[in-house]
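Engineer:
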Amino acid sequence: MSWAAHDLEPYAIQKHMRLKVAFVPLLIGSYSPDMMTKWFVYGIHLGPWDLKASDPAQFHRGWPGFGFTHSLIYGVAIGLIIWKVFGSKLWGVSFIIGQFAHAITDTGDTVGTMLLFPWTFHFHLDAWAYAGQTGRMTDAAAYFSGLGSMWDLVFIVYGLYSWRVLTSAYFDNVIYRADAFWPWLNRLVPRGALVVLYRAAFFYGTSRWIAWTIWAHVIHHYPYDLSWGGPHWVPAAHP
Amino acid sequence: MRLRLSFDRPNRRDLTVFGGYCLAAAVYIAIGVAWIDFLFSFWVGLAYLLLAAWLIPTLVRRLA
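Protein sequences, first through last, are from chains V and R. FYI, in the numbering used here the residues of the first sequence are -3 to 235. FYI, in the numbering used here the residues of the second sequence are 2 to 65.
#1: Which of the three DSSP states, helix, strand or coil, is assigned to H41 of chain V?
#2: Where in the region 149 to 206 of chain V do unbroken runs of the alpha helix (DSSP H), each at least 4 residues long, occur, reported from the N-terminal end onward?
#3: For a quick check, are the C-beta atoms of Y126 of chain V and A232 of chain V less than 8 angstroms apart?
#4: Could you tell me whether the Cβ of R183 of chain V comes closer than 8 angstroms to any Cβ of chain R?
#5: Put W35 of chain V into one of helix, strand or coil per three-state DSSP.
#6: Taking buried to mean at least 16 other C-beta atoms within 10 Å of its own C-beta, is F151 of chain V buried or exposed?
#7: Measuring straight from C-alpha to C-alpha, what distance separates M31 of chain V and G61 of chain V?
#8: Look up T109 of chain V in the DSSP assignment and give the residues it is bridged to.
#9: Label M110 of chain V either buried or exposed according to how many other C-beta atoms from any shown protein chain fall within 10 Å of its C-beta, with 16 as the threshold for buried.
#10: Taking the straight line between their C-alpha atoms, what separation do you get for W115 of chain V and A73 of chain V?
#11: Could you spell out where the alpha helix (DSSP H) holding Q95 of chain V opens and where it closes?
#12: Is it buried or exposed for L40 of chain R, if we count other Cβ within 10 angstroms and need 16 for buried?
#13: Does any residue of chain R bring its CB to less than 8 angstroms from the CB of W208 of chain V?
#14: Sort out for me which residues DSSP pairs G128 of chain V with in a bridge.
#15: Does I222 of chain V come out as helix, strand or coil in the three-state DSSP assignment?
#16: Can you pull the chain V neighbours of D1 of chain R, defined as C-beta to C-beta under 7 angstroms?
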């Protein structure tokens, strides 16, 4: 799984597609595969109950389980529903692109994704360890010690290099014009706040990447292991 | 033929805006490292950014 790439990739896609995509459904698509499942992977306390998947990797990425949310067909199905319900092809297509980016990025870990579901084969590059089953904190420590965090860093650097995508002029000329959602929201929220909303995922992804890196390596001294499939000090899950 | 990477240089106004976000990020990161739950939610991050990068600067400008 990725901790910041799903926040950052939409800005890289936006840079190249300009008016051909709408940013909000692109971002929702990028978040969508984990929206319903992540809390159950790590588990939560709800009053006297502890709710957690008995096999988090299977639940998150497998079948039976919710692994179909990381397949291409899921993106197409939800995108078509959005197109029909909201009557916006742009929103449907943008959602699909965002969801595809998430599903493909998550093939980078040791569990991978069932990209071609209902074929249940897991595509996995094994570049970094999937450690969701170890709990949120160990997963964070492992992720920010391996190549997954370096993949996130690529998008941080690319976003900063493509800094014009984050400017208010770009927002006015491309983001605002491409999607009727922004003029609608502008009736309720001032334009200055809209620009901040547009930048929020980049801010969140980048700041969180830095904070977790400090937490893992300055506060707790977890060892970096940038070898393929690492870090090897954590038990990686496999399909 | 030589290929050259070109970098579009930001002006003073761009750098001022960037500096404001860096300041907001530094505070967010400091809170997040001290209290890790702060980092978990996108919505908390969004609310924080609206406060730090829009609401507070707007109020300061109006009061000034």
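Just so it is clear, CB atoms sit at the ideal spot from N, CA and C, and this is done for glycine as well.
Structural biologist: Judging by the given coordinates:
#1: strand
#2: 177 to 182
#3: With respect to A232 of chain V, Y126 of chain V sits close: the two C-beta atoms are nearer than 8 angstroms.
#4: no
#5: helix
#6: buried
#7: 14 angstroms
#8: V:F119
#9: buried
#10: 16 angstroms
#11: 85 to 101
#12: buried
#13: So, interface residue.
#14: Paired residues: none, contrary to the question.
#15: For the sequence presented, residue 222 of chain V should be read as Leu rather than Ile. If DSSP states are grouped into helix, strand and coil, L222 of chain V belongs with coil.
#16: It is not possible to answer for residue 1 of chain R, since the shown part of chain R is limited to 2 through 65.
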